[in-house]
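Just remember that our numbering sits 662 ahead of the position in the sequence shown, which is counted from 1. What follows is a single structure, written as structure tokens, with notes after it.
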Amino acid sequence: MEQPEELREVLERVERKILAAGKIYSAMNFAYWLAVMSLFYTILAFFGPSGLVSITYWIGAMVVGVIVSGALFRKIMVIARLRGEKEWRKGVGIAIAASWIAGAIIGFYAIPALLTQNFGVALLSFIAVSIFGMWLSLGFSERFDLEMIPAFAIPSLGSLAALQLEDATVWAGFVIAAAFSITILLYLYSAFRTIGD
């Protein structure tokens, strides 16, 4: 009778490792964007607020980001299927893209037009709306990752605080960096806790 019990324990350990791997892949996605944003602020020290440099940099970062995020996303979906989670809906990728488009429209056009506020408010609103939409899209198709909440909650609160500031652009970058760092730490903590249980 010990063999079925041993087999169950082995399968549980494997499942925990698979779940932890999914959380690490999610953390890597936020780490990529944190590195991209930090590098952008580093480059700004040399080029100043150049529109051409900014546009070129962010277009390149987004192209690479779509490739990196897509690869990580596919790995997360393989892990979800291995765990037997409900079938992945084909429209989730479209829903995630739509959330980023909505975030761009709301963050960079609607909110600044209504409030006549600075770029910092727009940037924080863009991130908050986009990641919240992504979180909802992933949650309704797979599961709601609690670890992702700081990635949209902190920028959302930051956008309210930024209303009081004259120019909150650099401050907004630090708010996003803090939000993404906390999200990464929560994913990694969750992964190691899952393995250690």
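Ideal Cβ positions, reconstructed from N, Cα and C, are used throughout, including at glycine. Every value quoted in this text rests on a predicted model; they were computed, and no experiment measured them.
Review point. DSSP three-state call for Ser821: helix, strand or coil?
Key: In the sequence shown, counting from the first residue as 1, residue 821 sits at position 159. It is helical.
Point to revise | Whole-angstrom distance between Arg670 and Val791, CA atom to CA atom | key: Mapped onto the sequence shown, residue 791 falls at position 129. Mapped onto the sequence shown, residue 670 falls at position 8. C-alpha separation (whole angstroms): 42 Å.
Review point. Ends of the alpha helix (DSSP H) at Ile758?
Key: Position 96 of the sequence shown, counted from the start, is the residue given in the question as residue 758. Note, Ile758: alpha helix (DSSP H), Val754 to Ile767.
**Study point:** Segment contact, 8 Å Cβ cut-off, at least three pairs: the stretch 759 to 774 with the stretch 803 to 812
**Key:** no
**Study point:** Assumed close pair Thr856, Pro812 - CB separation to whole angstroms, cut-off 8 Å
**Key:** As a working mapping, residue 856 is identified with position 194 in the sequence shown. As a working mapping, residue 812 is identified with position 150 in the sequence shown. Actually they do not touch by this definition, with Cβ atoms about 19 Å apart.
**Study point:** Close-in-space but distant-in-sequence residues of the same chain around Met690 (CB under 7 Å, 5 per side omitted)
**Key:** Here the question's residue 690 lines up with position 28 in the sequence shown. Closer than 7 Å at the Cβ level, and outside the excluded window around Met690, lie Leu734.
Check your understanding: What number of angstroms, rounded off, separates the C-alpha of Leu744 from the C-alpha of Phe770?
Key -> Within the sequence shown, numbered from 1, the residue matching residue 744 stands at position 82. Within the sequence shown, numbered from 1, the residue matching residue 770 stands at position 108. For Leu744 and Phe770, the distance between alpha carbons rounds to 39 Å.
Review point. Using DSSP with H/G/I as helix, E/B as strand and the rest coil, what is Glu668?
Key: Position 6 of the sequence shown, counted from the start, is the residue given in the question as residue 668. Glu668 falls in the helix class under three-state DSSP.
Check your understanding: Can you round the beta-carbon distance between Val730 and Tyr694 to whole angstroms, since I take them to be within the 8 Å contact cut?
Key -> What you label residue 730 is simply residue 68 of the sequence shown in a count that begins at 1. What you label residue 694 is simply residue 32 of the sequence shown in a count that begins at 1. About 5 Å; that satisfies the 8 Å criterion.
Check your understanding: Which residue comes first and which comes last in the alpha helix (DSSP H) that contains Tyr771?
Key -> On the sequence shown, position 109 is the one that residue 771 refers to. First-last for Tyr771: undefined, no H or E at that position.
Point to revise | Between the CA atoms of Tyr719 and Thr704 - distance to the nearest angstrom | key: The count along the sequence shown starts at 1 and reaches residue 704 at position 42. The count along the sequence shown starts at 1 and reaches residue 719 at position 57. Cα-Cα distance, rounded: 12 Å.
Check your understanding: What does a CB cutoff of less than 7 Å around Ala683 pick up in its chain, not counting 5 residues either side in sequence?
Key -> Taking the sequence shown and counting its residues from 1, one reaches residue 683 at position 21. Once the five neighbours on either side are set aside, the close Cβ partners of Ala683 are Ile741.
Exercise for review: Mind reading off the beta-carbon distance from Ala766 to Phe788? Whole number of angstroms is fine, and I expect it under 8 Å.
Suggested key: Within the sequence shown, numbered from 1, the residue matching residue 766 stands at position 104. Within the sequence shown, numbered from 1, the residue matching residue 788 stands at position 126. Rounded to whole angstroms, the Cβ separation of Ala766 and Phe788 is 6 Å, and the two are in contact under 8 Å.
Check your understanding: What is the residue span of the alpha helix (DSSP H) that Ser716 lies within?
Key -> In the sequence shown, the residue the question calls residue 716 occupies position 54. Per DSSP, Ser716 belongs to the alpha helix (DSSP H) from Gly713 to Leu744.
Check your understanding: Based on Cα-Cα distance, which residue from Gly858, Ala840 and Phe854 lies nearest to Phe692?
Key -> The residue given as residue 692 occupies position 30 in the sequence shown. Of the candidates Gly858, Ala840 and Phe854, the one whose C-alpha sits nearest the C-alpha of Phe692 is Ala840.
Exercise for review: Look at the alpha carbon of Glu828 and the alpha carbon of Leu696, and state the distance between them as a whole number of angstroms.
Suggested key: Within the sequence shown, the letter at position 166 stands for residue 828. Within the sequence shown, the letter at position 34 stands for residue 696. Their Cα atoms are separated by approximately 25 Å.
Review point. If you compare alpha carbons, which of Gly753, Ser818, Ser799 and Val754 is closest to Leu785?
Key: In the sequence shown, counting from the first residue as 1, residue 785 sits at position 123. Among Gly753, Ser818, Ser799 and Val754, the Cα nearest to that of Leu785 is on Ser818.
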